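Undergrad:
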Amino acid sequence: MRRDYFELTVEGVDDARATPLVRIDFRGPEGLLRNRLSDSDGDLLDASDIDVAYRLREPLAEADDPDGVVAVTNRYTGDFVLELNETATDVLPFIHAARDSAGDEDAHYRVEIDVEGDRLVAYDKDTFLVYDHEGNLLRNESLIPSGVEL
Numbered sequence: 001m002r003r004d005y006f007e008l009t010v011e012g013v014d015d016a017r018a019t020p021l022v023r024i025d026f027r028g029p030e031g032l033l034r035n036r037l038s039d040s041d042g043d044l045l046d047a048s049d050i051d052v053a054y055r056l057r058e059p060l061a062e063a064d065d066p067d068g069v070v071a072v073t074n075r076y077t078g079d080f081v082l083e084l085n086e087t088a089t090d091v092l093p094f095i096h097a098a099r100d101s102a103g104d105e106d107a108h109y110r111v112e113i114d115v116e117g118d119r120l121v122a123y124d125k126d127t128f129l130v131y132d133h134e135g136n137l138l139r140n141e142s143l144i145p146s147g148v149e150l
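Written out as structure tokens, the structure reads:
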């Protein structure tokens, strides 16, 4: 699936009281995304069935606006559901907003995946992992619930 089939927008980054929202809109061949977001029985995957991560393509400290890839994967098969290109200046403030909006509770955010503007799925998530360009986990940039060991 091509990365240019997707457009990502975020909301709630500037409002510390709001749950941050990332909306991914798919504009590609009909049925393709639905198939990737479905299990072997054809049912849409639940929030507990997917993982969301961001992988940098270049060192964070060496570029003004480093490029990276947002990925949604099937937690059980490891298959990529979708990938799209985004810069760190778009993604990292979103993760920080999710952390800041939590107060004393574990941080969380919402992912909505649409197909040409129509809602396909919505997930409430509490983990968003960030990896450097060499594949190492950046714990300080990631959103990891308390008590979770990686």
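Per full-length UniProt numbering: the sequence shown ends with 150, consecutive numbering throughout.
Glycine included, each C-beta is placed from N, C-alpha and C at the ideal position.
These numbers come from a predicted model, not from an experiment.
(1) Tell me, please, which residues DSSP counts as bridged to A122.
(2) Return the chain-ordered list of same chain residues with a C-beta closer than 6 angstroms to the C-beta of E83, the five sequence neighbours on each side being excluded.
(3) Would you identify the three-state DSSP class for Y5, choosing helix, strand or coil?
(4) Could you check the C-alpha separation between T19 and H108 for me, to the nearest Å?
(5) Taking all protein chains shown into account, decide if Y54 is buried (16 or more other Cβ within 10 angstroms of its Cβ) or exposed.
(6) Any idea what DSSP makes of E141, helix, strand or coil?
(7) So is F80 buried or exposed if we call it buried at 16+ other beta carbons inside 10 Å?
(8) Considering only the beta carbon of each residue, do K125 and A47 sit closer than 8 angstroms?
(9) Determine the direct distance from the alpha carbon of G12 to that of R99, and round the result to whole angstroms.
(10) Please classify S48: does DSSP put it in a helix, a strand, or coil?
(11) With a threshold of 7 angstroms on Cβ separation, who are the neighbours of F94 within its own chain once the five nearest residues in sequence on each side are excluded?
(12) Please determine, among R27, L44, E30, the residue with the shortest C-alpha to C-alpha distance to A122.
TA: Taking the definition as stated:
(1) Within the sequence shown, numbered from 1, the residue matching residue 122 stands at position 122. In the DSSP output, where bridge partners are listed per residue, A122 has E112.
(2) Along the sequence shown, read from residue 1 onward, the residue named residue 83 stands at position 83. Leaving aside the five residues that flank E83 on each side, the residues in its chain whose CB is nearer than 6 angstroms to its CB run, in chain order, R3, V69, A71.
(3) Sequence index remark: in the sequence shown, residue 5 carries index 5 (1-based). Note: Y5 maps to helix in three-state DSSP.
(4) Working through the sequence shown from its first residue, we reach residue 19 at position 19. Working through the sequence shown from its first residue, we reach residue 108 at position 108. For T19 and H108, the distance between alpha carbons rounds to 7 angstroms.
(5) Here residue 54 refers to the residue found at position 54 of the sequence shown. So Y54 ends up on the buried side.
(6) As a position in the sequence shown, residue 141 is number 141, starting the count at 1. Of the three classes helix, strand and coil, the one that applies to E141 here is coil, per DSSP.
(7) As a first step, residue 80 must be located in the sequence shown, where it is residue number 80. Residue environment: F80 is assigned as exposed (fewer than 16 neighbouring CB atoms within 10 Å of its CB, all protein chains considered).
(8) Position 125 of the sequence shown, counted from the start, is the residue given in the question as residue 125. Position 47 of the sequence shown, counted from the start, is the residue given in the question as residue 47. Between K125 and A47, the gap from beta carbon to beta carbon is short of 8 angstroms.
(9) Indexing the sequence shown from 1 puts residue 99 at position 99. Indexing the sequence shown from 1 puts residue 12 at position 12. So the two alpha carbons sit approximately 12 angstroms from each other.
(10) As a working mapping, residue 48 is identified with position 48 in the sequence shown. The DSSP-derived three-state label of S48 is helix.
(11) Numbered from its first residue, the sequence shown carries residue 94 at position 94. For F94, where only same-chain residues beyond five positions count, the Cβ hits under 7 angstroms are V10, V13, P20, V22.
(12) If you number the sequence shown from 1, residue 122 lands on position 122. The residue from R27, L44, E30 with its alpha-carbon nearest to that of A122 is L44.
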